[in-house]
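This report concerns only the one structure given below.
There are 2 protein chains.
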Amino acid sequence: MVRSDRKRAVTSVDVAAAAGVSQATVARCFTTPEVVAPDTRLKIEAAADRLGYVPNAIARSLKSQRTNIVGAVVPAVGEYWQNVVTYFSRRLTARGRQLLLFSFLDQEEVNETLEAVMQYRLDGLILASATIAEAQLARMRQTGLSLVAFNHPDAAGIVPSVTVDNEAGASELARHLADLGCTRVLYLGGVAAASTDRARFRGAARTLASTGVRCNYMEAGAFTYEAGYRAAERVGSLDSLPDAIMVGSDEVAFGMLDGLRRYGLTAPGDVLVTGFDGLPQAGWAGYDLTTLVQPADRLAEHAVELAAGDTADPSDAQPPSVVVAGTLRRGLTTRKGDTEQGGPGSLPSHNGSTERRAGQ
Amino acid sequence: MVRSDRKRAVTSVDVAAAAGVSQATVARCFTTPEVVAPDTRLKIEAAADRLGYVPNAIARSLKSQRTNIVGAVVPAVGEYWQNVVTYFSRRLTARGRQLLLFSFLDQEEVNETLEAVMQYRLDGLILASATIAEAQLARMRQTGLSLVAFNHPDAAGIVPSVTVDNEAGASELARHLADLGCTRVLYLGGVAAASTDRARFRGAARTLASTGVRCNYMEAGAFTYEAGYRAAERVGSLDSLPDAIMVGSDEVAFGMLDGLRRYGLTAPGDVLVTGFDGLPQAGWAGYDLTTLVQPADRLAEHAVELAAGDTADPSDAQPPSVVVAGTLRRGLTTRKGDTEQGGPGSLPSHNGSTERRAGQ
DNA sequence: CGATCTTATGTATACGTATTCATCCTTGCA
DNA sequence: TGCAAGGATGAATACGTATACATAAGATCG
Numbered sequence: 000m001v002r003s004d005r006k007r008a009v010t011s012v013d014v015a016a017a018a019g020v021s022q023a024t025v026a027r028c029f030t031t032p033e034v035v036a037p038d039t040r041l042k043i044e045a046a047a048d049r050l051g052y053v054p055n056a057i058a059r060s061l062k063s064q065r066t067n068i069v070g071a072v073v074p075a076v077g078e079y080w081q082n083v084v085t086y087f088s089r090r091l092t093a094r095g096r097q098l099l100l101f102s103f104l105d106q107e108e109v110n111e112t113l114e115a116v117m118q119y120r121l122d123g124l125i126l127a128s129a130t131i132a133e134a135q136l137a138r139m140r141q142t143g144l145s146l147v148a149f150n151h152p153d154a155a156g157i158v159p160s161v162t163v164d165n166e167a168g169a170s171e172l173a174r175h176l177a178d179l180g181c182t183r184v185l186y187l188g189g190v191a192a193a194s195t196d197r198a199r200f201r202g203a204a205r206t207l208a209s210t211g212v213r214c215n216y217m218e219a220g221a222f223t224y225e226a227g228y229r230a231a232e233r234v235g236s237l238d239s240l241p242d243a244i245m246v247g248s249d250e251v252a253f254g255m256l257d258g259l260r261r262y263g264l265t266a267p268g269d270v271l272v273t274g275f276d277g278l279p280q281a282g283w284a285g286y287d288l289t290t291l292v293q294p295a296d297r298l299a300e301h302a303v304e305l306a307a308g309d310t311a312d313p314s315d316a317q318p319p320s321v322v323v324a325g326t327l328r329r330g331l332t333t334r335k336g337d338t339e340q341g342g343p344g345s346l347p348s349h350n351g352s353t354e355r356r357a358g359q
Numbered sequence: 000m001v002r003s004d005r006k007r008a009v010t011s012v013d014v015a016a017a018a019g020v021s022q023a024t025v026a027r028c029f030t031t032p033e034v035v036a037p038d039t040r041l042k043i044e045a046a047a048d049r050l051g052y053v054p055n056a057i058a059r060s061l062k063s064q065r066t067n068i069v070g071a072v073v074p075a076v077g078e079y080w081q082n083v084v085t086y087f088s089r090r091l092t093a094r095g096r097q098l099l100l101f102s103f104l105d106q107e108e109v110n111e112t113l114e115a116v117m118q119y120r121l122d123g124l125i126l127a128s129a130t131i132a133e134a135q136l137a138r139m140r141q142t143g144l145s146l147v148a149f150n151h152p153d154a155a156g157i158v159p160s161v162t163v164d165n166e167a168g169a170s171e172l173a174r175h176l177a178d179l180g181c182t183r184v185l186y187l188g189g190v191a192a193a194s195t196d197r198a199r200f201r202g203a204a205r206t207l208a209s210t211g212v213r214c215n216y217m218e219a220g221a222f223t224y225e226a227g228y229r230a231a232e233r234v235g236s237l238d239s240l241p242d243a244i245m246v247g248s249d250e251v252a253f254g255m256l257d258g259l260r261r262y263g264l265t266a267p268g269d270v271l272v273t274g275f276d277g278l279p280q281a282g283w284a285g286y287d288l289t290t291l292v293q294p295a296d297r298l299a300e301h302a303v304e305l306a307a308g309d310t311a312d313p314s315d316a317q318p319p320s321v322v323v324a325g326t327l328r329r330g331l332t333t334r335k336g337d338t339e340q341g342g343p344g345s346l347p348s349h350n351g352s353t354e355r356r357a358g359q
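Chains X and V supply the protein sequences, listed in that same order. Residue numbering for the first sequence follows numbering that gives the first Met the number 0, starting at 0 and increasing by one per position. Residue numbering for the second sequence follows numbering that gives the first Met the number 0, starting at 0 and increasing by one per position.
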């Protein structure tokens, strides 16, 4: 048997030969079809089809200096980020772009990874919640790729940035609690060093202070369920329970709710609880959490626009900084009057929005 | 001011000139450093550093015919898939590969997307739960990229495949229920047309039948929380409640648990409930679901190995088909003896495994 | 000490496409 | 009829790198 295994790939030259035209015309036929004569186009398309020709995006990118690929550097864990990645992917696909994804566990991985990323000459790069050395940032901008900081308020001013209005969102939650008559509020942050965490606490403390309410800060140690669950122990052993616990993220809030139950404490009966992010699970009847919903799709759209938009002008003096407002979701966990969760007949959720979802 | 904005990118030729060597030696210095003399290497590295040289992976790929990029086509929604994507990313990064991600909502998008994907000459492609036309599959294999079907048992035999042992897993869950004395079991599938769904039901029904237990099938309509929540209505309006409900996926099971609560029904008091997948949330105290844990990291590792492994031999007569066994997680939802969920002092979870998690 | 082998480097080319420039043909208009 | 303008196509080149081949200089060995 002849070893014809390694059949050379079909190129535009082959198609040109088969169609009786030049390679240049074949190339035009796939990039700017309007400049090639209709009958010629048909001939070429027929030949391409017959030979099974697939344009080579690598070669195209090399020549045109555009890869049509946008990268995203995203934390490897956390429900919130998994959500956001999905939106990135969808938005980019809608624009005919591809998504190169990097998950990182530790910040140190980021810098290594970035070295590898830079070799791919991406059109844009979305940095989600990652701390990059400023020197490296500068180096990256020089290469002409458009950087976007996602959910990393600190980066605004240095790099184009997209983020939800953390401070205003926390403020809105705080006002909601104040309206319900809370006078002693505990803020449970994830990681105090995170800029989002600080912004949220700032918004909460400011608004509460303006109504004469004191707001203490406690750190969970991570933005995870487990951290919230463990933090509940510390809350449970406090001398006196606060009226409300504002938690810095939904996932931590879930852990807090479950953790509190170990001590026989439930929301909203014994203490009010709020979250932040607006994860899909916040709408699940099991939690039905009051939270600030981040418009994840809109945030992703903005990030993609900045990273892959055709208005690429990296020489902008003022890096555009997009801040989008979130919306308050009033759930069971701050509903005064109810005492016990999940009683028979208590109709939760029905959050109205009809979400399309695909099969597994 | 001089418009020196568009500074040409620095190439290996520039580095060669600066270091006083040929371009070929610079290239060798970055691909096979061991063949270049130590002092020469130092000169080159110094020059590259000084000029800020970054190798161009696009050009490299064009010449070497390897992109070092592996693609993954994954459903856009579902907690399970978001999890799996994270593992793909991590495993690939560990191997020095990049991940090109495609999320799809509808199966139709897949075929369009695939056209675009094929242009990028990926080294491998992981098809997660997507139904591809066989003709297209064949065309894709011809191009020399290694395809892997992930969690799509039907594809085994046609394409290298990686999947959890759905049938054995469901069987194990069924035996667990039988051991607890269940005699009337309802199986709530997601989408009856899905091959995973059928395999799981088959495993459950077979094992239950062998112990003389009848197992009815009900379809939720989607692998989503909402579908499970709505299915609970149908369960609640049954003439008589089954002893146990085997749900085809954790996410659907969460919806079922929350939905049942509307009717004052809880697990394990009124009915036992099991899931499938082993999502992180199954371990959360709020649900503490009995389920079959898919070894997602191991599955991802196998998929990556097949898609990006250096043992690329696409001419294999027998496409390797990896089936990995899951492990049973016994949660509160099948714990006989307990009547009410979340009572004070009931210590849930403690699932032992110490998971590392990063900050937000 | 010359012949052979090894090692390090330079030369030249190819990867597959986009694009500039030139060329040819068609058409419109005076 | 002649000439300019426009439209379609071909020829040639460049994108930045990897690699086969050739070559020069040491190293090894009889």
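Every residue gets a Cβ at the ideal spot worked out from N, C-alpha and C, and that includes glycine.
Between residue i and the rest of its own chain, which residues show a CB-CB distance below 8 angstroms, the 5 nearest in sequence each way excluded?
| i | result |
| --- | --- |
| residue 175 (chain X) | 273, 289, 327, 329, 333 |
| residue 72 (chain V) | 101, 103, 109, 112, 113, 116, 124, 125, 126, 127, 129 |
| residue 7 (chain V) | none |
Sorted by chain position, which residues of the same chain lie with C-beta nearer than 7 angstroms to residue i's C-beta, five sequence neighbours on each side aside?
| i | result |
| --- | --- |
| residue 50 (chain V) | 9, 13, 14, 17 |
| residue 239 (chain X) | none |
| residue 35 (chain V) | 24, 27, 28 |
| residue 307 (chain V) | 69, 91, 94, 96, 122, 123 |
Is residue i a contact residue of the ligand GDP, with contact defined as CB to any heavy atom under 6 angstroms?
| i | result |
| --- | --- |
| residue 149 (chain X) | Ligands in the displayed structure: none, and consequently the ligand GDP is not present. |
Leaving out five residues before and five after residue i in sequence, what residues of the same chain have Cβ atoms less than 6 angstroms from its Cβ?
| i | result |
| --- | --- |
| residue 124 (chain V) | 70, 144, 146 |
| residue 90 (chain X) | 299, 300, 303 |
| residue 321 (chain X) | 161, 301 |
| residue 191 (chain X) | 218 |
| residue 371 (chain X) | Nothing about residue 371 (chain X) can be read from this structure; chain X reaches only from 0 to 359. |
| residue 325 (chain X) | 163, 168, 291, 292, 293 |
| residue 148 (chain V) | 126, 154, 158, 160 |
Tell me which residue opens and which closes the alpha helix (DSSP H) that residue i is part of.
| i | result |
| --- | --- |
| residue 304 (chain V) | 295-307 |
| residue 243 (chain V) | No alpha helix (DSSP H) contains residue 243 (chain V), which is instead part of the beta strand (DSSP E) from 243-246. |
| residue 29 (chain X) | 22-30 |
| residue 120 (chain X) | Taken as a continuous stretch (DSSP letters only), residue 120 (chain X) belongs to no alpha helix (DSSP H), as it is neither H nor E. |
| residue 17 (chain X) | 11-18 |
| residue 147 (chain X) | Counting along the chain, residue 147 (chain X) falls outside any alpha helix (DSSP H), though it belongs to the beta strand (DSSP E) covering 145-149. |
Does the beta-carbon of residue i have 16 or more other beta-carbons within 10 angstroms, so that it is buried, or is it exposed?
| i | result |
| --- | --- |
| residue 208 (chain X) | exposed |
| residue 141 (chain V) | exposed |
| residue 210 (chain V) | exposed |
| residue 335 (chain X) | exposed |
| residue 62 (chain V) | exposed |
| residue 67 (chain V) | buried |
| residue 236 (chain X) | exposed |
| residue 19 (chain V) | exposed |
| residue 279 (chain X) | buried |
| residue 265 (chain X) | buried |
Quick check on DSSP: helix, strand or coil for residue i?
| i | result |
| --- | --- |
| residue 190 (chain X) | coil |
| residue 215 (chain V) | strand |
| residue 43 (chain X) | helix |
| residue 57 (chain V) | helix |
| residue 176 (chain V) | helix |
| residue 64 (chain X) | coil |
| residue 159 (chain V) | coil |
| residue 258 (chain X) | helix |
| residue 182 (chain X) | coil |
| residue 34 (chain V) | helix |
Check for me: the beta strand (DSSP E) holding residue i runs from which residue to which?
| i | result |
| --- | --- |
| residue 103 (chain X) | 97-103 |
| residue 233 (chain V) | No beta strand (DSSP E) holds residue 233 (chain V); the alpha helix (DSSP H) holding it covers 224-235. |
| residue 273 (chain V) | 271-273 |
| residue 333 (chain X) | No beta strand (DSSP E) contains residue 333 (chain X), which DSSP labels as neither H nor E. |
| residue 321 (chain X) | 320-323 |
| residue 328 (chain X) | 326-328 |
Contact the segment 225-232 of chain X vs the segment 194-204 of chain X: 3+ CB pairs below 8 angstroms: no
Quick check: the segment 239-253 of chain V against the segment 242-256 of chain X, are at least 3 beta-carbon pairs closer than 8 angstroms? no
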